[in-house]
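Trainee: With the first letter of the sequence shown counted as 1, position 26 gets the number 25 in numbering that gives the first Met the number 0; the numbers rise by one all the way through.
The structure under discussion is supplied below as structure tokens; questions concerning it will follow.
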Amino acid sequence: MMMCLVAMTIMVVQANAAVEVNNRTDISISVFIPCAAGGAGEVVDLSGPLHALISFTVNANNASGYFHFQPQGITGTGETTGLKYQATGITQQSFSSSLQNGQANFTFVNFRIIGQGPGNNYPVHETMHFTINADGTLTVSFDNLTVDCK
Numbered sequence: 000m001m002m003c004l005v006a007m008t009i010m011v012v013q014a015n016a017a018v019e020v021n022n023r024t025d026i027s028i029s030v031f032i033p034c035a036a037g038g039a040g041e042v043v044d045l046s047g048p049l050h051a052l053i054s055f056t057v058n059a060n061n062a063s064g065y066f067h068f069q070p071q072g073i074t075g076t077g078e079t080t081g082l083k084y085q086a087t088g089i090t091q092q093s094f095s096s097s098l099q100n101g102q103a104n105f106t107f108v109n110f111r112i113i114g115q116g117p118g119n120n121y122p123v124h125e126t127m128h129f130t131i132n133a134d135g136t137l138t139v140s141f142d143n144l145t146v147d148c149k
């Protein structure tokens, strides 16, 4: 989905253009934390400011850039237990793609939701990467996802 957004955006950007978005947006989301409430799980309603830094450059030969999302004071409350939670970490993605031969690569990393007391922290870590060579063959592909209850 994110790559489609990038591709559509790149199509309308003039050659040699550099684009950067750097803002804070208030968000509200609900996340199910499976290890909360003694292992029964609960929905946590989170809200607060999310820092977004998006940068990409397009020239005659390639497009490259990154996305960086960082919670800055996002907090929430468990709907069942009433415990407080904080969103922490950084979700970061980088990409590059040749406009001449179709080569591309993409990398992605993680986020965490930290609760009060032991056993209800929800770290999600994903390292994903792929590389496509000039003839469209996928030459490198891995997706390491870990979701823990700590």
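A virtual CB, placed ideally from N, CA and C, is assigned to each residue, including glycine.
What's the gap between the Cα of Tyr84 and the Cα of Val146?
Mentor: Their Cα atoms are separated by approximately 17 angstroms.
Trainee: Among the residues of its own chain, which have a CB less than 6 angstroms from the CB of Gly75, if the five just before and after it don't count?
Mentor: Around Gly75: Val43, Asp44, Leu45, Tyr84.
Trainee: Check whether the segment 109-119 and the segment 24-40 touch, using three or more Cβ-Cβ pairs below 8 angstroms as the test.
Mentor: As far as the Cβ criterion goes, the segment 109-119 touches the segment 24-40, which means the pair count is three or higher.
Trainee: Which same chain residues end up closer than 6 angstroms to Asn21 when comparing Cβ atoms and leaving out the 5 residues on each side of it in sequence?
Mentor: Within the same chain, Asn21 has close Cβ partners Leu52.
Trainee: Would you call Ser96 buried or exposed, if buried means 16 or more other Cβ atoms sit within 10 Å of its Cβ?
Mentor: Buried, since its Cβ has 16 or more Cβ neighbours within 10 Å.
Trainee: According to the neighbour-count rule (16 or more other Cβ atoms, all chains shown, within 10 Å of its Cβ), is Ala133 buried or exposed?
Mentor: Burial call: exposed.
Trainee: Unbroken beta strand (DSSP E) runs of length 3 or more, entirely within the segment 40-125: which are they?
Mentor: Complete beta strand (DSSP E) runs here, min 3: 41-57, 61-70, 74-77, 83-87, 90-97, 103-107, 110-114.
Trainee: Sorted by chain position, which residues of the same chain lie with C-beta nearer than 6 angstroms to Leu137's C-beta, five sequence neighbours on each side aside?
Mentor: Excluding residues within five positions, the ones whose Cβ falls inside 6 angstroms are Ile131.
Trainee: Looking only at its own chain, which residues have a Cβ that is under 7 angstroms from the Cβ of Asn100, when we skip the five neighbours before and after it?
Mentor: Excluding residues within five positions, the ones whose Cβ falls inside 7 angstroms are Ala133.
Trainee: Using only the alpha-carbon positions, how far apart do Glu41 and Arg23 sit?
Mentor: Near 28 angstroms, if we compare the C-alpha coordinates of Arg23 and Glu41.
Trainee: In the DSSP assignment, what are the bridge partners of Asp142?
Mentor: Answer by DSSP bridge pairing, in chain order: Met127.
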